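*Asks:*
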Amino acid sequence: MNDKTVADDLAKKHKSISIAEFFEKNRHLLGFDSKVKAMLTCVKEAVDNSLDACEENASELKKKKKNFELPNILVRIDNVQNDIYKIIVEDNGPGISPKIIPQVFAKLLYGSKFH
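Structure follows, in structure tokens:
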């Protein structure tokens, strides 16, 4: 059996699921298997994303010989009702382009640190 045939056989076994379905089935792998861990994971990911965006923005501004500020991140957690919380994260990064906002929670997006 040649490599192409093996690859074709393996491809037949592959399945495709949405990101939402993957998260639902793999909460334990993603840090969402308990309420406390889920809150911690959400805040950590949001702050990590803010730091990455601010760092990337500073790098671009340095290249253009423009001034930049150190990251300034505000995290606010509001208890909306019972076990429902609203997490707000604001930073002084470059922001998100309006044309990709609809994709933010629909697809896996990443910055320049990942390829």
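Per the numbering used here, the sequence shown runs over residues 42 to 156.
All C-beta atoms in this analysis are idealised placements derived from N, C-alpha and C, irrespective of residue type, glycine included.
On a predicted model such as this, the values are computed, not experimentally measured, just so you know.
1) Can you have a look at Ser-91 and say buried or exposed, based on whether 16 or more other CB atoms are within 10 angstroms of its CB?
2) Let me check understanding here. Comparing Cα to Cα, which of Asn-108, Asn-98, Lys-76, Asn-133 lies closest to Leu-115?
3) Using the rule of at least 16 other Cβ atoms within 10 Å of the residue's Cβ for burial, across every protein chain shown, is Ile-128 buried or exposed?
4) Would you tell me roughly how many angstroms separate the C-alpha atoms of Cys-95 and Lys-105, rounded to the nearest one?
5) May I ask you to report which of helix, strand or coil DSSP gives Asn-90?
6) Expressed to the nearest angstrom, what Euclidean distance is found between the alpha-carbon atoms of Lys-54 and Arg-68?
7) Quick check: what's the CA-CA separation for Ile-141 versus Pro-135?
8) Can the beta-carbon of Ala-87 be found less than 7 Å from the beta-carbon of Val-145?
*Replies:* Concretely, from the data shown:
1) Note on Ser-91: 16 or more other CB atoms within 10 angstroms of its CB, so buried under the neighbour-count rule.
2) Across the set Asn-108, Asn-98, Lys-76, Asn-133, the C-alpha of Asn-133 shows the shortest separation from the C-alpha of Leu-115.
3) With a threshold of 16 other beta carbon atoms within 10 Å, Ile-128 falls short and is exposed.
4) When rounded, the distance between both Cα atoms is 15 Å.
5) The three-state reading of DSSP puts Asn-90 in helix, counting H, G and I together.
6) A direct Cα-Cα distance of roughly 23 Å separates Lys-54 from Arg-68.
7) Here the alpha carbons of Pro-135 and Ile-141 stand approximately 14 Å from one another.
8) For Ala-87 and Val-145, no; Cβs fall outside 7 Å.
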